[in-house]
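Below, the structure written as structure tokens:
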């Protein structure tokens, strides 16, 4: 009895010593094995925001390509994406299922400000990374209080401040009318813009109109804005309403200097339906390439994206800017995991995410890279102003990086 | 509703509801209760959370059932009362620092008042028109909750995050287990109250108003008062459900409480079993678990699966899940009895 | 004054859409005694079918007629196959089936044609006739089309034997059967016609709001409101109701001072409900007296 026990113990000791150095390097958090990494995601595949479900599909397709090419450091990605219907209670349910039942290593690109707000405290309490969230709300860049949450895209208030700064410099006597969606996203842009104008906001902003996502059109609001005498228009709308607003403004004979929020700046899915003539003169900020923009037609990164779309998302609408976004953000994720190497604990994933130095992403505009640090949780802060000339977004000025 | 439809409703409702409990039913009830109490220790925290949500929705479904099933008034606006309950809890807990258990009675009272006040003008409206008025309430609710002037309390578009309560007296259980038991306790108390209410004179008055309002008022039932009160009570139940839900989810946001939620409650009422208290339990489970099931079947078109499931339920279980169970049970009884006809199987 | 006129005409233009939807709602109500929640999604789906036809090069007016025909057949099939099994049961069961249909149509449209917005052409010329400038040519056309459809529906119910048979079948199926009316097929016919009218509404609205799966959701509610405001038993009333809702919405948003656009929806609906409280059968509906 004792004899065999000693043998077993000795064998175990031998194995441990023999496997010593290699075993010590591999550190795994939940959801990680030698051959796979489990990544969780929450996207709206149903409900009022189902248009954004394209992002989840795009990311899944990108990870499939990565897996087909051998995975990351020999590990394939098991991408588990759940539908929350853009509803916070469902998002909480989904997050808990991913963390507690599926035991994912982290949650990546959960979409929507309300959904992410709902799981914010939970993720940080459970110490699970809430990485590269798909929303531009200003509140995700708070490493001191929320160590485990990080955004990815340029923040909405940051973008609005760029427009405000430009106005203060180039058109200080502007009379601004604002159309905004009456929710977290719209208010975030609005508040950022007003903050950017500072004391001048009171005199410069002559009209503010809101709309609900459930409204059929924004025509009535545009009429009111035109009537207010505004000569500058800040258009804070999601794609469908952006197209409506652009067209109605044109049709009603109102030709203001128009700033369009980046969320709705895709040429194929917004400007084309609105009309290229109607959209000429629009100003936005850009940080990604646009497939419908002729200036990128021969870019090798764009060609690679095109080929990827053909192979992994056949039949999908290439003019849908969500697929460019998905590609970029999935690439960023893979970079972080590559940096993590074999130390795939939640702590290290977070550490690597907070350690991105001038990382180039294929379809980001030249001059714009990912940069993070333990005190800076905003990977992309740089954007450039661009004006639509009827065919493409023509970038002007310098790349602006708020610091 | 025309006469034929009315008769059918009564038939289905009779099938679904049970006025008296036989001995075997009491045993069944006791077993179910025991299972519900023991559940938290056999399942993960995540499942506890789901079941706590199901309990909250079951309460809301019961509230709506009292109105539609027992009193014949139609409402597509119960998301509003759920919202009022949820926000009452959130504001009390986060702005007022008040303990979570006090939010339950307050939410109930606030909604009782709100429901009663809404029920008064609604008295003049019947069927379709009441449906539209309540639907309008559902549509307007998110906008009202986002209104800037009150955003200091409601959090405006951002909503309010709630801190999760801990089990009292340092009991050896997780927060989720405690919340489940707490919600279960609240709901049990209120379910028993509802059962008592609907069984007695008030219940008969309500059903009389539902089946034949003219005759009811001719017989001396104060139709107007009862109808408004029913709205109030129905809102009370749904409001408390909202408070429980808010505490479980730890977050309230205005756009959640939209007409889709009102429709979800309606779906719960009908699929669970119209005019039945056990039906409400199934209704709550339906609201939580069918969307998940639909998503597992098809990621590309989950709503299509959800819609198909709804339609299939209506084909094969027109009296709801509870009605179906009762029907099965009645058939079993009939087979067990030799000769003799059981009036309940008719 | 200019703002007032602009908002009024814009309200009328959109009211035309609501009126068209209200007509479809009235049609199905007259034919089946129920409100079909899935009406909007079916109209949206029909519009996608039109979009597909246009994409394949079918000229506009042929597409229009073909879509109406396909929608008609689709409506009949939906009634015969999907709605029939629950027709004998309660109103609530049917409502759940309608909700199911709503979910299915919405999801299928998104799955087949995805969620990016698609421009849909307007058949109307670039300039409105009679030199009208207050209102765009398309909006003018929408109002015109709505009035034509209204006239057709009105004449159908009032003056044709089929229309009369349909109304009888809806209101009193048992007696209708005794008189020899094929109640089942009357219901199917009603659904088919409502689907066809809905497709017209969809094709009229898509050029304004852009075609996408959630296009009709907001509009359907206003269509219902318009139909009920005007009186669900009265097609003319329903159309008037639709126009009123459109204009009212714009006026409230523009002129009620402390409200602005933030509570526009709330106030507009409160007003509708208030009207209903004082005139429970709608402004132009007739009161149904029930005998004890």
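Residue numbers (our numbering), protein chains in the order written: chain W, 379 to 781; chain U, 92 to 437; chain A, 79 to 370.
Glycine included, C-beta positions come from ideal geometry on N, C-alpha and C.
- Within its own chain, the residues whose Cβ lies closer than 6 Å to the Cβ of residue 466 of chain W, once the five positions on either side in sequence are excluded, are 492, 493 and 496, listed in chain order.
- CA-to-CA, the gap between residue 312 of chain A and residue 639 of chain W works out to about 45 Å.
- As computed with DSSP, residue 529 of chain W is found in a beta bridge with W:511.
- Contacts with chain A (Cβ-Cβ distance below 7 Å) from the segment 602 to 625 of chain W involve 602, 605, 617, 618, 621 and 622, listed in chain order.
- Taking C-beta atoms under 8 Å as the contact rule, residue 102 of chain A and residue 272 of chain A qualify, at a distance of about 5 Å.
- Here residue 771 of chain W carries a strand assignment [DSSP, helix/strand/coil].
- What residue 592 of chain W touches in chain A, judged by beta-carbon distance under 7 Å, is 295 and 296, going in chain order.
- Cβ contact annotation for residue 633 of chain W (same chain, cutoff 6 Å, sequence separation greater than five): none.
- Exclusion of the five residues before and after residue 194 of chain U leaves 179, 180, 183, 184 and 334 as the residues of its chain whose Cβ lies within less than 7 Å of its Cβ.
- In the three-state DSSP reduction, residue 259 of chain A falls in the coil class, being neither helix nor strand.
- Here the alpha carbons of residue 518 of chain W and residue 414 of chain W stand approximately 28 Å from one another.
- The segment 718 to 729 of chain W makes no contact with the segment 463 to 480 of chain W, as fewer than three CB pairs between them are under 8 Å.
- Boundaries of the alpha helix (DSSP H) around residue 125 of chain A: 117 to 133.
- Selection U:370, U:421 and U:409 evaluated against residue 155 of chain U yields U:370 as nearest (Cα-Cα).
- Contact note: residue 224 of chain U reaches chain A through 351 and 354, using a C-beta cutoff of 7 Å and chain order.
- Of the residues W:468, W:440 and W:604, the one whose Cα lies closest to the Cα of residue 456 of chain W is W:440.
- Residues of chain A whose Cβ lies closer than 8 Å to the Cβ of residue 595 of chain W are, in chain order, 92, 286 and 287.
- Under DSSP, residue 421 of chain W forms a beta bridge with W:461.
- Each residue's CA atom was taken as its position, placing residue 147 of chain U and residue 336 of chain U some 5 Å apart.
- Judged by pairs of C-beta atoms under 8 Å, the segment 215 to 227 of chain U touches the segment 343 to 353 of chain A, as three or more such pairs exist.
- Restricting attention to U:422, U:409 and U:325, the CA atom closest to the CA of residue 176 of chain U is found in U:325.
- At a cut-off of 8 Å between beta carbons, residue 174 of chain A makes no contact with chain W.
- Distance from the Cα of residue 612 of chain W is smallest, within the candidate group W:653, W:651, W:430 and W:660, for W:660.
- Taken atom to atom, the span from the alpha-carbon of residue 408 of chain W to that of residue 522 of chain W is near 25 Å.
- Under the 8 Å Cβ criterion, the segment 262 to 276 of chain U counts as touching the segment 131 to 150 of chain U, having at least three qualifying pairs.
- DSSP links residue 405 of chain W through a beta bridge to W:721.
- For the 8 Å CB-CB criterion, residue 747 of chain W and residue 731 of chain W do not form a contact.
- If the five residues before and after residue 252 of chain U are omitted, its C-beta is found closer than 8 Å to the C-beta atoms of 185, 341 and 342, all from its own chain and listed in chain order.
- Within chain A, no C-beta atom comes nearer than 7 Å to that of residue 419 of chain W; the closest sits roughly 18 Å away.
- 389, 391, 392, 393, 394, 395, 396, 397, 398, 399 and 400: these are the residues of the segment 387 to 400 of chain U whose beta carbon lies less than 9 Å from some beta carbon of chain A, given in chain order.
- Under the three-state reduction of DSSP output, residue 584 of chain W falls in the strand class.
- DSSP places residue 613 of chain W inside the beta strand (DSSP E), whose first and last residues are 610 to 614.
- The Cβ atoms of residue 290 of chain A and residue 604 of chain W do not sit closer than 8 Å to each other.
- Residue U:378 holds the alpha-carbon nearest to the alpha-carbon of residue 354 of chain U among U:378, U:364, U:332 and U:297.
- Interface flag for residue 426 of chain W against chain A is set, since a Cβ pair is found closer than 8 Å.
- Among the residues facing chain U, residue 181 of chain A is included, as its CB has a counterpart in that chain under 8 Å away.
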